[in-house]
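In the numbering used here, the protein residues as written are 36 to 198.
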């Protein structure tokens with residue numbers, strides 16, 4: 036279990052892990068396929084947990100912009116589409132793989148940056164720590180449930196993108 040239960044810090048930790056995985060996926064020395072598999076599970080589980088447990092709760096706070104939360108959900112869709120495009124590339128490290136990886140990096144980095152500046156800063160300023168810890172526990176529980184269900188498999192990502 037993570038040391039913190041604060042949902043803001045937990046989400047930030049996931050964002051930093053995604054950045055680490057991007058570095059591995061770009062490295063010719065790393066097991067890029069394994070990094071992609073870990074990344075796929077983390078991205079999907081993270082987004083589903085935010086949408087199920089965090090975003091609905093944050094929409095109730097008047098100082099957190101509902102449009103930013105809805106925009107975050109739209110960006111999750113874009114990230115899933117970019118993830119599927121990369122998962123569908125047959126040869127890890129090919130030119131196509133590198134190109135699709137950069138599209139994924141761009142989509143996810145843009146979303147994480149925006150989410151950190153708007154939604155998470157709003158949560159840090161307007162949501163009491165005990166409530167952020169409750170949301171953090173719910174977020175971790177849902178994220179773990181999704182990971183155990185192999186949410187990052189190509190078939191599941193395809194299902195999410197086409198639904």
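Ideal Cβ positions, reconstructed from N, Cα and C, are used throughout, including at glycine.
query: From residue 101 to residue 64, what distance separates their C-alpha atoms?; result: 43 Å
query: By the 10 Å Cβ neighbour count, where 16 or more other Cβ atoms means buried, how is residue 183 classified, buried or exposed?; result: exposed
query: Starting from residue 41 and walking both ways along the alpha helix (DSSP H), at which residues does that stretch end?; result: It is not in any alpha helix (DSSP H) - residue 41 carries neither H nor E in the DSSP assignment.
query: Checking 8 Å against the spacing of the C-beta atoms, do residue 154 and residue 99 come in under that value?; result: yes
query: Report the rounded CA-to-CA distance for residue 124 versus residue 81, giving the unit in angstroms.; result: 23 Å
query: Counting C-beta neighbours from all protein chains within 10 Å, is the total for residue 97 16 or more, i.e. buried, or is it exposed?; result: exposed
query: Give the single residue among 159, 190 and 87 whose Cα lies nearest to the Cα of residue 111.; result: 87
query: Please give me, in chain order, every unbroken run of the alpha helix (DSSP H) with length at least 4 that falls completely inside the region 48 to 129.; result: 67 to 84, 90 to 93 and 101 to 122
query: Indicate the three-state DSSP secondary structure (helix, strand or coil) for residue 37 in the structure shown.; result: Only weak support is given to the placement of residue 37: the predicted model assigns it a pLDDT of 48, under 50, and the value that follows is read from those uncertain coordinates. It is coil, neither helix nor strand.
query: Say whether chain D places a C-beta atom closer than 8 Å to the C-beta of residue 175.; result: Structure shown: chain D not included; a single protein chain is present.
query: Rounded to whole angstroms, what's the CA-CA distance from residue 190 to residue 118? Just pull it up for me.; result: 12 Å
query: Would you please state the rounded distance, in angstroms, between the beta carbons of residue 168 and residue 40? I believe it to be under 8 Å.; result: 4 Å
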